[in-house]
Each structure stands twice: as structure tokens, then as C-alpha cells.
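Chemist:
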């Protein structure tokens with residue numbers, strides 16, 4: 001994806017305290033370490049602990065503002081799954097967020113670009129097809145939403161937690177170093193089986 005989009009670097013920013021998530025999240029230091037292990041061999045990937053250093057609820061709008069302030073010559077792109085993109089109306093200052101940066105939205109089943117086109121929030125923000133391609137949408141703010149298809153391997157963090165909760169193997173679902181870290185540090189040992 002990085003090469004296809006011509007990105008010089010992809011920065012991973014784990015959330016310190018995700019305002020809309022609760023429950024089975026790993027401790028923030030564990031999430032930072034798992035990301036570090038997962039990306040360590042890719043020179044184009046970088047880990048940022050900027051949200052964790054704040055030590056408070058993580059709001060994407062603040063993170064994008066901080067990135068733009070630190071790197072005024074760089075225009076950030078926000079990469080996220082279509083499910084998260086469709087949830088933006090529930091985020092902190094969504095109207096401000098969609099004015100700050102362009103979005104790369106990764107389609108993954110069961111969601112698709114059609115879901116984005118039907119979003120009442122985005123219609124209110126003046127979203128329209130660019131005419132160039134259905135994968136490129138433009139917002140009234142001038143910002144772009146680039147929809148890309150990615151080969152789906154059907155693995156999510158919640159799937160990993162669910163497998164661990166049920167005592168199932170996570171082998172081959174994660175980089176070996178991340179799997180080893182999760183097991184040796186008992187990252188998700190607090191999960192209780194619902195059975």
C-alpha cells in the first residue's frame with residue numbers, strides 16, 4: 001500500500017486511551033511494544049508514542065494538528081479501515097478532523113465504498129465523487145477520501161483477543177515476535193471466557 005500510494009513513510013500512532021473503546025484492550029505499553037515488534041524490519045514504518053505521552057484520552061484531531069505543527073511542510077494522510085471511517089461522526093470534533101487531512105480508507109468486508117457514499121455525515125460535508133474515479137471522493141473542504149481495496153486476510157485485533165479468550169492458537173496470525181510477546185508477557189490473560 002505504501003508503494004502504491006507513493007508514501008515516503010507510514011507512522012503508526014497507538015492510542016493511549018481510546019475514547020470509544022473499552023474492555024479487552026491491552027495496556028498501552030504493551031500495544032506500543034506490539035506495534036514496534038510488528039514493524040521493526042520495515043525502514044518505511046515508524047512508531048510514534050505521541051498520544052501515549054499525553055497520558056489522556058486520545059483524539060485523532062489533536063494528533064493530526066500536532067503532526068502538522070511539528071512538520072509544516074508535510075501533508076499527513078490518515079489511513080484507516082472503512083468501518084472506522086464510517087464511525088468518524090462519533091469522534092471528537094469530526095467536522096474539524098475532515099478539514100485537517102486527506103484520508104486513505106481501506107475497504108474490508110463486509111464494508112465497501114458504497115457505505116461511504118451513503119453516509120449522511122459525509123453527504124452533509126459536501127462529499128462528492130471526483131469524476132476521476134469512484135475510488136476518489138472529494139469533500140466540500142477540498143479534502144480527499146481515497147478508497148482502496150486491500151487483500152483481506154480476515155484478522156482483526158478483536159479476532160485475536162477472541163481466539164485467546166477461547167484458548168485457541170494465534171500462530172501464523174501475527175508476526176512471530178508479536179505472538180511471542182503476547183504469550184510471554186501474558187498480555188491478554190485478563191480475558192475471561194464467556195462460556
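Numbering (UniProt numbering), first residue to last: 1 to 195. Ideal Cβ positions, reconstructed from N, Cα and C, are used throughout, including at glycine.
Going by beta carbon distance, what residues of the same chain come within less than 6 Å of residue 28, once the five residues before and after it are set aside?
Modeler: 16 and 52
Chemist: What three-state label does DSSP hand residue 20 in the structure shown?
Modeler: coil
Chemist: Could you tell me if residue 125 is buried or exposed, where buried requires 16 or more neighbouring beta carbons within 10 angstroms of its beta carbon?
Modeler: Buried is the label assigned to residue 125, since at least 16 other Cβ atoms lie within 10 Å of its Cβ.
Chemist: Round the Cβ separation of residue 113 and residue 84 to the nearest angstrom and send it over; I've been treating them as touching at under 8 Å.
Modeler: With 8 Å as the limit, residue 113 and residue 84 do not qualify as a contact, their Cβ atoms being about 15 Å apart.
Chemist: Just to confirm my understanding: we take residue 244, look at its own chain, exclude 5 residues before and 5 after, and list those with CB closer than 7 Å. What are they?
Modeler: The question about residue 244 has no answer here: the residues shown for the chain are numbered 1 through 195.
Chemist: Over the uninterrupted alpha helix (DSSP H) stretch that includes residue 108, give me the two end residues.
Modeler: Here residue 108 belongs to no alpha helix (DSSP H), and DSSP marks it neither H nor E.
Chemist: Quick check: the region 99-112 against the region 138-148, are at least 3 beta-carbon pairs closer than 8 Å?
Modeler: The count of Cβ pairs closer than 8 Å, one atom from the region 138-148 and one from the region 99-112, reaches three, so the stretches are in contact.
Chemist: At the level of alpha carbons, what is the spacing between residue 13 and residue 76?
Modeler: 13 Å
Chemist: Enumerate, from N- to C-terminal direction, the unbroken alpha helix (DSSP H) stretches of 4 or more residues contained entirely within the region 40-110.
Modeler: 50-54, 60-70, 82-86 and 94-100
Chemist: Mark residue 63 as exposed unless 16 or more other C-beta atoms lie within 10 angstroms of its C-beta, in which case mark it buried.
Modeler: buried
Chemist: State the Cα-Cα distance for the pair residue 186 and residue 155, rounded to the nearest angstrom.
Modeler: 20 Å
Chemist: So, with DSSP's three-state summary, where would you put residue 11?
Modeler: strand
Chemist: Considering only their Cβ atoms, is the gap separating residue 44 from residue 9 smaller than 7 Å?
Modeler: A distance below 7 Å separates the beta carbons of residue 9 and residue 44.
Chemist: CB-CB under 8 Å to residue 169, same chain, minus the five flanking residues each way: which ones, in chain order?
Modeler: Around residue 169: 163.
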